[in-house]
Amino acid sequence: MKSNLIIIFISLILFSCKTYTISKASFKSQFTKTKEMKDKEVVINNPLFLGNITYVANDIKSLNVIDKEGKNVNIPNTPSLEMRITHKNGTKYHFYFDTITLENNVLKGSRSRFMPNLTRSIPFDSIAKIEVQEGGKDFHYQN
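Residues 1058 to 1200 in this note's numbering are what the sequence shown spells out, letter by letter.
See the structure below:
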């Protein structure tokens, strides 16, 4: 009985997260379609400890992506939305989507909710693939 529950739990974790792709051109156009895009300070819950986490996020409300069947899907920007960038050399990096900015052809973002200053910058031209996934983590905006 116990082993069945463990198998079900692992299956839910592995198969419950939908992964989407977005072309570099589409990503760039969605991030540059408005000059009024501003960063905003947000507060999210901290699922591991009492209290909240405050950080600066982009103000994008949703993102147009492509699902496994090749259909366009519009997904909302949430604090648990994650982004995986694959370099042309095969190296992969993870970010939280709401921390992503695109400035002077350089993609910047945070890799951790608990250490928001842990950021990475990647030249946009070096990106081979962009994937977006609802990570299923228990983060929610508080304001």
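From the three backbone atoms N, C-alpha and C, an ideal C-beta is built for every residue, glycine too. All of these numbers come straight from a predicted model, not from anything done at the bench.
Spatial neighbours of residue i within its chain, please: CB distance less than 7 Å, with the 5 preceding and 5 following residues excluded, ordered by chain position.
i       : result
Ile1084 : Reading off the sequence, residue 1084 comes out as Phe, not Ile. Correct list, in chain order: Ile1187.
Asn1129 : Asn1121 and Ile1123
Ala1185 : Thr1143, His1144 and Lys1145
Within 10 Å of its beta-carbon, does residue i have 16 or more other beta-carbons around it, so buried, or fewer, so exposed?
i       : result
Leu1120 : buried
Ala1183 : The displayed chain sequence assigns Ser, not Ala, to residue 1183. Ser1183 comes out exposed.
Asn1189 : According to the sequence shown, residue 1189 is Val rather than Asn. Answer is buried; the Cβ neighbour count reaches 16.
Pro1180 : exposed
Ser1080 : exposed
Gln1199 : exposed
Leu1175 : exposed
Thr1091 : The pLDDT assigned to Thr1091 is 49, lower than 50, so where the model puts this residue is not dependable, and the model offers no usable value.
For residue i, which beta-bridge partners are listed by DSSP?
i       : result
Gly1147 : Paired residue(s): none; Gly1147 is not in a bridge.
Ile1123 : Thr1078 and Asn1129
Looking only at its own chain, which residues have a Cβ that is under 6 Å from the Cβ of residue i, when we skip the five neighbours before and after it?
i       : result
Ile1117 : Asn1134
Asn1131 : Ser1119 and Asn1121
Ile1178 : A quick correction: the sequence has Ser, not Ile, at residue 1178. Excluding positions up to five away in sequence, the list reads Val1163 and Lys1165.
Ser1169 : Leu1175
Tell whether a beta-carbon distance below 8 Å holds between residue i and residue j.
i       : j       : result
Ser1148 : Tyr1112 : Going by the sequence as given, residue 1148 is Thr instead of Ser. No, they are not a contact pair.
Tyr1153 : Ser1167 : yes
Ala1114 : Lys1125 : no
Thr1089 : Leu1159 : yes
Tell me which residues share the same chain as residue i and place their Cβ nearer than 8 Å to its Cβ, disregarding the 5 neighbours each side in the sequence.
i       : result
Ser1086 : none
Step through the CB atoms of chain C and report whether any lies within less than 8 Å of the CB of residue i.
i       : result
Val1113 : Absent here is chain C; the protein component of the structure consists of one chain.
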